[in-house]
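A quick write-up on the structure given underneath.
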Amino acid sequence: MPIVYIPSALRSFVDNQSTVELPGQTVREVLDALVEKYPGVRHHLFTEQGKLRQFVNIFVNEDDIRFLDKEDTVVEAKDQVSIVPSVAGGSDRNGQVQLTHEEILRYSRHLVLPEVAMAGQKKLKAARVLIIGTGGLGSPLALYLAAAGVGHLGLVDFDVVEESNLQRQIIHKTRNVGRSKLDSAREAILDINPNIQVETYEVAFTSDNAMDIAREYDLIIDGTDNFPTRYLVNDVCVLLGKPNVYGSIYRFEGQASVFWAEKGPCYRCLYPEPPPPGMVPSCAEGGVLGILPGVIGVIQATEAVKLILGKGEPLIGRLLLYDALNMKFREVKLRKDPNCPICGPHRRIHQLVDYNAFCGVPGIGDQAVQVEAAYEISPRALAQKLQQEPVFLLDVREPEEWQIGHIEGAVLIPLRQLPERLAEIDGTREIVAYCRSGVRSAEAL
């Protein structure tokens, strides 16, 4: 029977399995078998009309079914069916730069590589690379590109260092908690390599400033954690003709690719539209293995260096999938979408749009959705309500989060189990649902 690879975001619905064998002679039959055996998956894969959601891509072995026979694509025994949901070059200047004696010593292990040598190291020194975000992915990216000798790094972030960042954002130190991430990152970068220039932009990357910031750089690296900025980065790169070095992480899985519309597909070719708010949890909601962004970030840094040097085969038209739990790398092929609204032949997007509106969220950041004010209640107001009247307090988080801490008297029903456990809810009392940030409780209501 065909083997279906289940992404981390859906494993809780299939008894935490990473692969399942299911009967079927076509992709549609295999997916039907999947949702019949595991009904909780249906809402995440299909619309109410039974159509495959546009932010979910299906690959048979290495091929995207959109370029085969779609859901009628024939599958054979032992074929690999992968479910891949969306989860947030150099320049001529190298002729004008020279390496100092100290830099020759510093980069000596590069200089003996024929693929780098003196000419390549000058390209690295002349390159201008923009990193969007100095968090989990941006941390290893910035450190390794600085160590490699990329001469000009631009950093975009507007956040401050929090204690919860330190588990994975290795560019920041404990002493920097509460400090601007950009100040913290700049200090760490220059400690590694004082020979490079670091330019910081302590602003949200938005439609109003993105073009002005990005146009001065050779390539853009996506280290973001939310969908509005991810689509914004893609569109900026397409409109400016620059490569977009992409990476994303969730729990124990990561993805990496290079989107460059002049040479292959863009991010919109892979994901024409974002998932609904709250459908795909952030790292804050779903968690992430602290080591994972190091792996994916270093892959992104490697791709950036290859693009600057003009060496090797970049991940253009290829999506690299990494499963840390099973320690497996897989690769699927990507193709340009002839109907892509920004890089296709009949382009419909000619300028930047409102990406928060496009993604259906009210703002940029980890929190993907907010409940309308009429349905919100503050912790203080909830405490008063609990003292005055009987309230059914519903905790829709996961058991692991419950163990860390919970409100006394609450009933734990994880969101994924809610449809099957509605009978446990006391409908005679007012119901107040809560989670970590409001995303899951909003969906529960």
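If you want the working numbering, it's the 1-based position in the sequence shown plus 21. Ideal placement from N, C-alpha and C gives every residue a C-beta, glycine not left out. Remember, it's a predicted structure, so these values are computed and weren't measured experimentally.
Whole-angstrom C-beta distance between residue j and residue i, which should lie under 8 Å
i: LEU162; j: ALA322; result: 5 Å
i: TYR222; j: VAL319; result: TYR222 to VAL319, Cβ: 24 Å. No contact.
i: SER278; j: ARG351; result: Actually they are not in contact, since the Cβ atoms of SER278 and ARG351 sit about 13 Å apart, beyond 8 Å.
i: GLU136; j: LEU330; result: 7 Å
i: VAL133; j: PHE179; result: Contact flag wrong, Cβ pair sits at about 41 Å.
i: VAL219; j: ILE210; result: 5 Å
CA-to-CA distance, residue j to residue i, given in whole angstroms
i: TYR75; j: ASN197; result: A small correction: the amino acid at residue 75 is Gln; Tyr does not occupy that position in the sequence shown. Straight-line Cα distance between these residues: approximately 41 Å.
i: ARG200; j: LYS146; result: 29 Å
i: SER112; j: ASP229; result: Only weak support exists for where SER112 lies, its pLDDT of 44 falling under 50; the value from the coordinates is given anyway. Each residue's alpha carbon lies about 27 Å from the other.
i: PHE248; j: GLU294; result: 10 Å
i: GLY268; j: CYS456; result: 27 Å
i: PRO296; j: ARG251; result: 12 Å
i: SER458; j: VAL417; result: 11 Å
i: TYR343; j: VAL41; result: 18 Å
i: GLU124; j: GLY262; result: 31 Å
i: THR121; j: GLY170; result: 12 Å
i: ILE370; j: ASN360; result: 12 Å
i: ILE191; j: ALA444; result: 45 Å
i: ARG49; j: GLY71; result: 11 Å
i: PRO411; j: ASP447; result: 11 Å
i: GLU69; j: PHE379; result: 21 Å
i: ALA148; j: SER107; result: 30 Å
i: ASP358; j: PHE280; result: 12 Å
i: GLU451; j: SER185; result: 33 Å
i: LYS91; j: LEU73; result: 10 Å
i: GLY384; j: VAL25; result: Here GLY384 scores only 45 on pLDDT, less than 50, and its place in the model should not be relied on; the value that follows carries that caveat. Each residue's Cα considered, the two are about 35 Å apart.
i: LYS99; j: THR47; result: 13 Å
i: ARG401; j: LEU176; result: 38 Å
Which residues DSSP lists as bridging residue i, in chain order
i: ILE234; result: Answer is none; ILE234 lacks a bridge partner.
i: THR47; result: VAL95
i: ASN265; result: ILE241 and PHE280
i: GLN218; result: HIS173
i: ILE428; result: According to DSSP, which records beta bridges pairwise, ILE428 is partnered with nothing at all.
i: THR40; result: TYR26
i: GLU451; result: VAL412
i: ARG272; result: VAL309
i: ARG351; result: LEU342
i: VAL10; result: The question about residue 10 has no answer, for the chain in this structure spans 22 to 466.
i: ILE337; result: VAL279
Cβ shell of residue i (< 6 Å), same chain only, five flanking positions each side left out
i: PRO314; result: GLY157, LEU158, ARG189 and ILE270
i: VAL259; result: ALA282, CYS287, ILE363 and CYS364
i: GLU208; result: none
i: LEU341; result: ALA277 and GLU352
i: GLY141; result: LEU330
Residue closest to residue i, alpha-carbon to alpha-carbon, out of the options
i: GLY244; options: SER160, ALA206 and ASN230; result: SER160
i: MET348; options: LEU407, PRO23, GLU441 and VAL316; result: VAL316
i: ILE337; options: ILE329, PRO362, GLY308 and ASN265; result: ASN265
i: GLN119; options: VAL105, ASP239, LYS144 and PRO106; result: LYS144
i: VAL353; options: PRO44, VAL105 and GLU92; result: VAL105
i: VAL460; options: PRO411, TYR396 and ALA404; result: TYR396
i: PHE67; options: LYS58, PHE80 and ASP53; result: ASP53
i: GLU274; options: PRO23, GLU410 and ILE27; result: ILE27
i: VAL43; options: ARG49, PRO23 and TYR59; result: It should be noted that the sequence gives Leu, not Val, for residue 43. That would be PRO23, whose Cα lies nearest to the Cα of LEU43.
i: ARG236; options: VAL279, GLY172, VAL309 and VAL150; result: VAL150
i: ASN377; options: LEU253, ASP204 and SER129; result: LEU253
i: PHE226; options: GLY154, LEU211, VAL95 and ASP358; result: GLY154
i: GLN38; options: LYS58, THR47 and GLU92; result: LYS58
i: ALA465; options: ARG450, ILE452, ARG442 and LEU436; result: LEU436
i: ALA167; options: PRO440, ASP93 and VAL326; result: VAL326
i: SER103; options: VAL51, GLU334, ASP246 and HIS64; result: VAL51
i: PRO60; options: GLN438, ILE210, VAL133 and ILE452; result: GLN438
i: GLN101; options: GLN117, PHE80 and SER462; result: PHE80
i: GLN117; options: GLY172, THR94, VAL133 and ASN82; result: GLY172
i: HIS64; options: SER462, ILE234, ASP233 and PRO440; result: PRO440
i: PRO215; options: ALA404, VAL96, ARG127 and LEU403; result: ARG127
i: ASP246; options: GLY333, ILE234, ILE152 and TYR238; result: ILE152
Contacting residues, own chain, Cβ-Cβ under 7 Å from residue i (five flanking each side not counted)
i: VAL62; result: LEU31, PHE34, VAL35, LEU55 and VAL56
i: VAL181; result: GLY199, ARG200, SER201 and LYS202
i: ASN78; result: ASP85, VAL105 and LEU291
i: LEU187; result: HIS193 and THR195
i: GLU183; result: VAL198
i: LEU240; result: GLY110, VAL150, LYS263, PRO264, VAL266, ALA325 and LEU328
i: GLY308; result: ARG272
i: ASN82; result: ASP100 and GLN101
i: PRO335; result: VAL279, GLU324, LYS327 and LEU328
Contacts around residue i, its chain only, beta-carbon distance under 8 Å, and the 5 residues preceding and following it disregarded
i: PHE88; result: ARG356
i: LEU374; result: Contrary to the premise, residue 374 reads as Val rather than Leu in this sequence. Once the five neighbours on either side are set aside, the close Cβ partners of VAL374 are SER228 and ASP256.
i: ALA431; result: LEU414, LEU415, ASP416 and TYR455
i: ALA345; result: PHE273, GLU274, GLY275, LEU310, ILE312, LEU313 and VAL316
i: LEU433; result: ASP416, ARG418, PRO420, TRP423 and HIS427
i: HIS367; result: ASN360
C-beta neighbour in chain C for residue i, strict 8 Å
i: LEU203; result: Any reference to chain C falls outside this structure, which holds one protein chain only.
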